[in-house]
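What follows is a short report on a single structure.
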Amino acid sequence: DAGITQSPRHKVTETGTPVTLRCHQTENHRYMYWYRQDPGHGLRLIHYSYGVKDTDKGEVSDGYSVSRSKTEDFLLTLESATSSQTSVYFCAIRADRGSSYEQYFGPGTRLTVT
Amino acid sequence: AQSVTQLGSHVSVSEGALVLLRCNYSSSVPPYLFWYVQYPNQGLQLLLKYTSAATLVKGINGFEAEFKKSETSFHLTKPSAHMSDAAEYFCAVMIGGNEKLTFGTGTRLTIIP
Numbered sequence: 072d073a074g075i076t077q078s079p080r081h082k083v084t085e086t087g088t089p090v091t092l093r094c095h096q097t098e099n100h101r102y103m104y105w106y107r108q109d110p111g112h113g114l115r116l117i118h119y120s121y122g123v124k125d126t127d128k129g130e131v132s133d134g135y136s137v138s139r140s141k142t143e144d145f146l147l148t149l150e151s152a153t154s155s156q157t158s159v160y161f162c163a164i165r166a167d168r169g170s171s172y173e174q175y176f177g178p179g180t181r182l183t184v185t
Numbered sequence: 063a064q065s066v067t068q069l070g071s072h073v074s075v076s077e078g079a080l081v082l083l084r085c086n087y088s089s090s091v092p093p094y095l096f097w098y099v100q101y102p103n104q105g106l107q108l109l110l111k112y113t114s115a116a117t118l119v120k121g122i123n124g125f126e127a128e129f130k131k132s133e134t135s136f137h138l139t140k141p142s143a144h145m146s147d148a149a150e151y152f153c154a155v156m157i158g159g160n161e162k163l164t165f166g167t168g169t170r171l172t173i174i175p
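Protein chains in written order, with the numbering used here: chain A, 72 to 185; chain B, 63 to 175.
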């Protein structure tokens, strides 16, 4: 357990509405990530952060934005949700110890866009 | 660019039989390799990792994987399957110094009683 929580855990929203998902960590890790998981695609990186106010895009960033104003919180926003964004969203942190680079994952948020 | 291919989206084995889940990677430089397991309705849990030390890596729950550079493979094995091993397994690759993990599409393991 790397002290990662995600909220909400489940959400149903309507097409066109904004949605914000929150990832919170308690161990001051520098790197944080947002992934989406879809059947047949594994996990795909949406955005990641390498420090407060420092973020970069992943492979499926269109339609998503992120913010990191504090080390412990990484927010993912869907500005105008679409049905194609129905997915399970996972937050992760990267271990800072040594040079292992492994990532640890939160429990996920299941988002349904109707 | 880095990529990983998992052969077989579904694998079924009998309880007590050998588990073999296949992963091949593509990387122009020596990679870091990982196996993760995901139980239903849960997040991903790290099983084991290869970071250029020993080529045979032992992980949790009796799993191990062998890095074979000549075959660009990192297959996951377990000598004797348990019912509790039923889950989805993901292979992932990272080039050292790159912040990003690239995941395979996953293999769902079913254990037959």
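Every residue gets a Cβ at the ideal spot worked out from N, C-alpha and C, and that includes glycine.
- Ranked by Cα distance from Leu-106 (chain B), the first of A:Ile-164, A:Leu-182, A:Val-184, A:Thr-185 is A:Ile-164.
- Beta bridge pairing from DSSP links Gly-113 (chain A) with A:Asp-109.
- Distance from Gly-166 (chain B) to Gln-68 (chain B) at the Cβ level is roughly 4 Å; contact confirmed, criterion being Cβ atoms closer than 8 Å.
- In this structure, Tyr-98 (chain B) sits away from Val-66 (chain B), with a CB-CB distance that is not shorter than 9 Å.
- Within the region 92-119 of chain A, those residues whose Cβ lies closer than 7 Å to any Cβ of chain B are, in chain order, Tyr-102, Gly-111, His-112, Gly-113, Leu-114, Leu-116, Tyr-119.
- Interface annotation, Phe-165 (chain B): in contact with chain A, CB-CB separation under 9 Å.
- Within the model, the alpha-carbon separation for Thr-126 (chain A) versus Gly-177 (chain A) is close to 19 Å.
- Residue pairing by DSSP places Ser-65 (chain B) opposite B:Ser-88 in a beta bridge.
- For Glu-85 (chain A), the nearest beta carbon of chain B is not closer than 9 Å to its own beta carbon.
- Per DSSP, Ser-78 (chain A) is one residue of the beta strand (DSSP E) stretching across 75-78.
- The beta carbon of Thr-113 (chain B) sits closer than 7 Å to the beta carbons of Tyr-94 from its chain, once the five residues preceding and following it are set aside; these are given in chain order.
- Distance from the Cα of Ala-79 (chain B) is smallest, within the candidate group B:Pro-102, B:Asp-147, B:Asn-103, for B:Asp-147.
- Against Phe-161 (chain A), the close residues of chain B are Gly-105, Leu-106, in the order they occur along the chain (beta-carbon pairs closer than 8 Å).
- Annotation: Gln-156 (chain A) is outside any beta strand (DSSP E) and is labelled neither H nor E by DSSP.
- Per DSSP, reduced to three states, the secondary structure at Lys-128 (chain A) is strand.
- For Glu-126 (chain B), the three-state secondary structure derived from DSSP is strand.
- Separation of the CB atoms of Glu-150 (chain A) and Ser-136 (chain A) is rounded to 6 Å, and the pair is thereby assigned contact status at 8 Å.
- Between the alpha carbons of Cys-94 (chain A) and Gln-77 (chain A) lies a distance of about 5 Å.
- With respect to chain A, the C-beta atom of Lys-111 (chain B) has a partner C-beta closer than 9 Å.
- Within a 10 Å sphere around the beta-carbon of Thr-180 (chain A) sit 16 or more other beta-carbons, which makes this residue buried.
- DSSP, read as helix, strand or coil, puts Glu-150 (chain B) in strand.
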